[in-house]
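Enquirer: Sharing a structure with you now.
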Amino acid sequence: MRIGIIPNNILQDITRQIGTAETKDTHTHDRIVTAIYNNATNIAKAVVKRQSLGTHWDQKIDDVITSRWLGFPIMFLFLGTVLWLTITGANYPSQVLAAGLFWIEERLAELFLAAGVPLWLKGLFVDGMYRALAWVVSVMLPPMAIFFPIFTFFEDLGYLPRIAFNLDRLFHKAGAHGKQALTMAMGFGCNAAGIIATRIIESPRERLIAILTNVFVPCNGRFPTLIVLAGVALGGLATTSYSSLIASAVVAGIVVAGVVITLLTSWLLSKTLLRGIPSLFTLELPPYRKPLIGQILVRSFLDRTVFVLVRAVTIAAPAGLGVWILANTSIAGQSIINILVGWLDPFAALMGLDGFILLAFILGLPANEIVLPILIMGYVSAGSMVELNGLEALKHLLVVEHDWTWLTALCTMLFSLLHFPCGTTLYTIHKEQKSWKWTVLAAVIPFGMACTVCFLVAQGARVFGLV
Amino acid sequence: MTTQTLYSLHWLPLGTRGKVARVNAAGNLRRRILEMGVGPGTEIIVNSVAPLGDPIEVTVKGYHLTLRKDEAKAILVEVG
Chain A
58 MRIGIIPNNI LQDITRQIGT AETKDTHTHD RIVTAIYNNA TNIAKAVVKR QSLGTHWDQK
118 IDDVITSRWL GFPIMFLFLG TVLWLTITGA NYPSQVLAAG LFWIEERLAE LFLAAGVPLW
178 LKGLFVDGMY RALAWVVSVM LPPMAIFFPI FTFFEDLGYL PRIAFNLDRL FHKAGAHGKQ
238 ALTMAMGFGC NAAGIIATRI IESPRERLIA ILTNVFVPCN GRFPTLIVLA GVALGGLATT
298 SYSSLIASAV VAGIVVAGVV ITLLTSWLLS KTLLRGIPSL FTLELPPYRK PLIGQILVRS
358 FLDRTVFVLV RAVTIAAPAG LGVWILANTS IAGQSIINIL VGWLDPFAAL MGLDGFILLA
418 FILGLPANEI VLPILIMGYV SAGSMVELNG LEALKHLLVV EHDWTWLTAL CTMLFSLLHF
478 PCGTTLYTIH KEQKSWKWTV LAAVIPFGMA CTVCFLVAQG ARVFGLV
Chain B
39 MTTQTLYSLH WLPLGTRGKV ARVNAAGNLR RRILEMGVGP GTEIIVNSVA PLGDPIEVTV
99 KGYHLTLRKD EAKAILVEVG
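Chains as they are written, first to last, in the working numbering: chain A, 58 to 524; chain B, 39 to 118.
Written out as structure tokens, the structure is:
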């Protein structure tokens, strides 16, 4: 059929006739759809050969994965295992990378000195820019290189729609849509991508809920931060053999907290700003597919790991410069960074953070990837630390030099989970909704949530004498 | 067609196999259900229920479809 040939006026005529037919006979649409399906069935019978294999074990797997007793434990186990593999696996390569990159830093410094470059210029480029880059690469690359291939593997397998199926009841109760679980899963990759993915939700009301709460899923840029902080500051509480286990449990707990807050916020929104009735949940559960390992490795490495790393590096380089300047420019004997930190400190302390941490989140608005590097730069420039060798050094920097307790780490992780979407995500929200109101709310609601939760956790811990 | 009792889909126990007799809904819901291939005469199998009791998963036309119980209510099935 050559639809393009039908003149417009005839098309309009047909549409009108269908319209009047529908008002007279409500089954016109039924008949059209039935006819299409019958046609398709006949064509399929004629040309498709079915292998009867496979359908059976598909069903068996589904029976286990979505079963009443095992459905949820399996989801937690899945999350926990992925995180544990990432945390345990990332430690050693991170040390090797750090050792290599900081060896280069020393050579660079020598080179600058030998060339007679002024000291401030060496500071700007070596201590500022290069060191920020080295931190980003050595701290973030290993967890990403492990996490993304594993996650892509399960994505390819077809596990994610099953998660949406398992969780739909909760979203339904919260006045949202089960498909939101899918857009959240996309958010693990990147919140901006998660925002685009909300196009699959047809109801505008439920779509907005999904958009406003997507940031509660830790993205690529924040996952490494969470993993590193959990490993460094919380894993150290137990003996070494259990530390990575505890760290993975903590990160898994943070993710679950994100889901709980998503549901809570969705519920609040559907009771206040975005009232309405829930729409339908008809979703296809695709058959399980055998993941293509080679493709997964290439895709997760190029599309995700390298993508995030390049983004982090391109933003971290100027940010490193900027932070170094802030740290080394003095007004009335005090560096700018210390002045800013001093202003933020009282407010941050209420939430279990310190001024450096809050400043890092604020300066990190362009991209979440650089929050941790900015924090480290701030600490390093304020302290006496020169030697850096990966995660061990970071632990020393935080715990010994800047008095981090488990509460500082926990509040920082919660703040990172909840705070506000990065610049790119906000830009995407504005492009998708064409509305300043919702864009601003998309930043204000999470920020309010982050402050409230951190405040309650910090004050609660202090009241009960846990710290 | 002989007179036979029709059951709402959300009622049927797991593993039940039947034929769709009628879709008792109007508007968007009816449209959506039919468009997903659940029309009169279609064979349907109830496969599983989500851990929290809702939604359910059925097989129609060789693929897996999920429906909330509220939506499944509208689908009347002829069993046996």
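Virtual Cβ for every residue (Gly too), placed ideally from N, Cα, C. Note that this is a predicted model, so its numbers are computed, not measured.
Report buried or exposed for V443/A, applying the criterion of at least 16 other Cβ atoms within 10 angstroms of its Cβ.
Expert: Confidence at V443/A is low in this model, with a pLDDT of 46, below 50, so its placement is unreliable and no value can be given for it.
Enquirer: Use the C-beta contact count for T509/A: other C-beta atoms within 10 angstroms, 16 or more gives buried, fewer gives exposed.
Expert: exposed
Enquirer: For L291/A, which residues of its own chain have a beta-carbon under 8 Å away from its beta-carbon, when the five flanking residues on both sides are left out?
Expert: The residues I303, A304, V307, W463, A466 and L467, in chain order, have a CB closer than 8 Å to that of L291/A in the same chain once the five nearest residues on each side in sequence are set aside.
Enquirer: When the distance is taken between beta carbons, is L47/B closer than 8 Å to E341/A?
Expert: Not in contact: E341/A and L47/B (Cβ atoms no closer than 8 Å).
Enquirer: Here's the rule I'm using: 16 or more other beta-carbon atoms within 10 Å means buried, otherwise exposed. How should H234/A be labelled?
Expert: buried
Enquirer: Which residue spans inside the region 99-145 of chain A form an unbroken alpha helix (DSSP H) run of at least 4?
Expert: 112-122
Enquirer: Secondary structure at E341/A, three-state DSSP: helix, strand or coil?
Expert: strand
Enquirer: Who are the near neighbours of T481/A in its chain, counting only those whose CB is closer than 6 Å to its CB and skipping five residues on each side?
Expert: A249
Enquirer: What are the boundary residues of the alpha helix (DSSP H) that includes K111/B?
Expert: Unbroken run through K111/B: none, as it is neither H nor E.
Enquirer: In terms of residue numbering, what span does the alpha helix (DSSP H) encompassing I203/A cover?
Expert: R188 to L214
Enquirer: Could you give the uninterrupted runs of the beta strand (DSSP E) lying entirely in the region 364-431 of chain A, keeping only those of 3 residues or more?
Expert: none
Enquirer: Please tell me whether A374/A and A424/A are closer than 8 Å, where the distance is taken between their beta carbons.
Expert: In this structure, A424/A does not lie closer than 8 Å to A374/A by Cβ.
Enquirer: Would you say T104/B lies against chain A (beta-carbon separation less than 8 Å)?
Expert: yes
Enquirer: Just curious, the beta strand (DSSP E) that V61/B is in, first and last residue?
Expert: R55 to V61
Enquirer: Check whether chain A comes within 8 Å of R70/B, counting only Cβ atoms and requiring the distance to be less than that.
Expert: yes
Enquirer: DSSP puts T97/B in a beta bridge; with which residues?
Expert: I83/B and H102/B
Enquirer: Report yes or no: do three or more beta-carbon pairs, one from the region 273-280 of chain A and one from the region 241-259 of chain A, lie closer than 8 Å?
Expert: yes
Enquirer: Quick one: which chain B residues come within Cβ less than 8 Å of F338/A?
Expert: P93, T104, L105, R106 and E109
Enquirer: Under 8 Å, Cβ to Cβ, is there at least one residue of chain B near E426/A?
Expert: no
Enquirer: Count the other CB atoms within 10 Å of the CB of R256/A; is the residue buried (16 or more) or exposed (fewer)?
Expert: Exposed, because fewer than 16 other Cβ atoms sit within 10 Å of the Cβ of R256/A.
Enquirer: Which chain B residues sit within Cβ distance under 8 Å of S535/A?
Expert: There is simply no residue 535/A to check, as chain A begins at 58 and stops at 524 in what is shown.
Enquirer: Excluding the 5 residues flanking R106/B on each side, which residues of the same chain have their C-beta closer than 7 Å to its C-beta?
Expert: D92 and P93
Enquirer: Taking 8 Å as the cut-off, does the region 217-225 of chain A touch the region 352-360 of chain A (at least 3 CB pairs, one atom from each stretch)?
Expert: no
Enquirer: Starting from the C-beta of N65/A, find all residues in its chain whose C-beta is less than 6 Å away, skip the five residues before and the five after it, and write them out in chain order.
Expert: none
Enquirer: Just the chain B side, please: which residues come within less than 7 Å of L90/A by C-beta, in chain order?
Expert: For the record, residue 90/A in the displayed sequence is Val; it is not Leu. Those are L72, E73 and G77, listed as they occur along chain B.
Enquirer: State the start and end residues of the unbroken beta strand (DSSP E) segment that holds S46/B.
Expert: Where S46/B is concerned, the enclosing beta strand (DSSP E) stretches over L44 to S46.
Enquirer: Determine whether the beta carbon atoms of G53/B and V84/B lie at a separation below 8 Å.
Expert: A contact, by the Cβ cut-off of 8 Å.
Enquirer: Residues of chain B with a CB under 8 Å from the CB of N395/A: which are they?
Expert: Simply none; closest approach about 52 Å.
Enquirer: Given 7 Å as the limit, tell me if G310/A has its C-beta closer than that to any heavy atom belonging to the ligand ZN.
Expert: This structure lacks the ligand ZN; in fact it carries no ligand of any kind.
Enquirer: Given this structure, state the Cα-to-Cα distance separating L190/A from E162/A, to the nearest angstrom.
Expert: Taking the straight line joining both Cα atoms gives about 11 Å.
Enquirer: Residue ranges of each alpha helix (DSSP H) run of no fewer than 4 residues wholly in the region 453-521 of chain A, ordered along the chain?
Expert: 463-475, 480-490 and 493-520
Enquirer: State the Cα-Cα distance for the pair Q490/A and G390/A, rounded to the nearest angstrom.
Expert: Each residue's Cα considered, the two are about 47 Å apart.
Enquirer: Tell me which same chain residues have a C-beta within less than 8 Å of the C-beta of M58/A, skipping the five on either side of it?
Expert: Bear in mind that a pLDDT of 45 at M58/A, under 50, signals an unreliable position, so the number given afterwards is only what the model happens to contain. Closer than 8 Å at the Cβ level, and outside the excluded window around M58/A, lies no residue.
Enquirer: So which residues on chain B does Y94/A lean against when the C-beta distance must stay under 7 Å?
Expert: G75 and G77
Enquirer: Note down, in chain order, every chain A residue with its Cβ under 9 Å from the Cβ of Y101/B.
Expert: E341, L342, P343 and P344
Enquirer: Measuring CB to CB, does F472/A end up less than 8 Å from F418/A?
Expert: yes
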